[in-house]
Amino acid sequence: MNLKFYHQTVTSAQIENYLSLKTGKDLSAFFEQYLRTTMIPTLEYEYNGKKLKYRYTNTVVDFDMPIRIFIDDKEHWLFPEKKSAWKTERIKENPKTIQTIGGDCGLEIVPVSFLNKKYPNLGVIWFDAHADINRPCDSPSCNFHGMPLRTLLGEGEKQMNPLLSSTLTASQIHYVGLRDIDATEQDRIDKDGLYATKKVDIRQVVDVLKKKQITQLYLHFDFDCLDPMDYDKTYYQVPDGISIKDSVACIKALQKEFKVMGSSVLESVTTNEEELGPITEIIRLLMT
């Protein structure tokens, strides 16, 4: 069985409209201020066959950010408070692979921990400009999308632990494109000597994985790992990233040398097909 996630997101305009209808007040001025301090996801999209498809959600359900999931073409909706129960049900179905499309990095804790339990020699490749390895007490932003790897290590917010099927060890984590790191994150990386490169070095990462006797991979791909000159439709643009060409070459090499059991493409913020054109090959490689 194969499994795909489609992360449903809402826009600030939808939240503003929902609140205005509920309160009978014009909240546009409030949301102007709100947007200066808060990042709100804006996109739901999927890759199906050789064609990209885009959906724009027009409803807000009590401000939950649900995840839309397809299992063998059957649609499911998952709201945050139901993630734990959903995790239990999916374990019963025991999918062989998991692919995640859209949303932010925080959602990775469910698929990665599930596959880690299933495959004992799993390595995680984290294509990302950010380390995503903060603890809540250390995070400058307090955004959970900067904490999934710390959670997966079993060192994060304890209330999130019921969502985990297993925990990672530090040696399973391998960063590619990493260049925007908080001081406390750097301390955690240094503590266990996590593999971390700013640029793509295919031979090096393959050799490191083989020396660890890793045979299966989960490929996490946050589009902000890319250089903004190549692709800038991301939540954050961090200079001096990796090129699309190098990313494609690295993904192909990893797919050739190892069994990829799961993958994700996350944190793109445009619905314009022309703007998404440069990353179509990356999506194709990771989602088919």
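Anchor point for the sequence shown: position 14 equals 14 in the UniProt record's numbering, and the numbering is continuous, going up by one each time.
We treat Cβ as the ideally placed atom computed from N, Cα and C, and that holds for glycine.
- Message: Taking a contact to mean a Cβ-Cβ separation below 8 angstroms, would you say L286 touches F223 in this structure?
- Response: No, Cβ-Cβ distance for L286 and F223 is not below 8 angstroms.
- Query: In or out: T288 buried (at least 16 other Cβ within 10 Å) or exposed?
  - Reply: Per the 10 Å Cβ criterion, exposed.
- Query: What is the rounded straight-line gap between the Cα of A183 and the Cα of P120?
  - Reply: Going from the Cα of A183 to the Cα of P120 covers about 31 angstroms.
- Selected residue, minimal CA-CA separation from D104, among D190, M160, G154 and H130: The shortest Cα separation from D104 among D190, M160, G154 and H130 belongs to H130.
- Message: Going residue by residue through the stretch 237–287, where are the continuous alpha helix (DSSP H) segments of at least 4 residues, counting only ones entirely within it?
- Response: As far as the stretch 237–287 is concerned, its whole alpha helix (DSSP H) runs of at least 4 residues are 244–257, 273–276 and 280–287.
- Message: Comparing C-alpha positions only, which one of K117, L254, I244 and K256 sits nearest to L276?
- Response: It is I244 whose Cα lies nearest to the Cα of L276.
- From A195 to H174, what distance separates their C-alpha atoms? The sequence shown places Tyr at residue 195, not Ala. Near 5 angstroms, if we compare the C-alpha coordinates of H174 and Y195.
- Item | Delimiting residues of the beta strand (DSSP E) encompassing F127 | From DSSP, the beta strand (DSSP E) with F127 extends over L122 to F127.
- Query: Between the Cα of V112 and the Cα atoms of T270, L164 and S247, which residue gives the shortest distance?
  - Reply: Cα-wise, what sits closest to V112 is L164.
- Item | Close Cβ partners of A249 (< 8 angstroms) along its chain, the five nearest in sequence each way excluded | Cβ contact annotation for A249 (same chain, cutoff 8 angstroms, sequence separation greater than five): V200 and I202, in chain order.
- Counterpart residues of Y195 in DSSP-defined beta bridges: In DSSP, Y195 forms a bridge with H174.
- Task: Measure the Cβ-Cβ separation of L115 and I98 and say whether it is below 8 angstroms.
- Result: Yes.
- Message: In the DSSP assignment, the beta strand (DSSP E) including T100 goes from what residue to what residue?
- Response: First-last of the beta strand (DSSP E) with T100: T97 to I101.
- Message: Whole angstroms are fine: how far does the CA of L168 sit from the CA of K117?
- Response: Within the model, the alpha-carbon separation for K117 versus L168 is close to 9 angstroms.
- Item | Given S264 as reference, the closest of E257, N272, I251 and F258 once Cα atoms are compared | Out of E257, N272, I251 and F258, I251 has the C-alpha closest to the C-alpha of S264.
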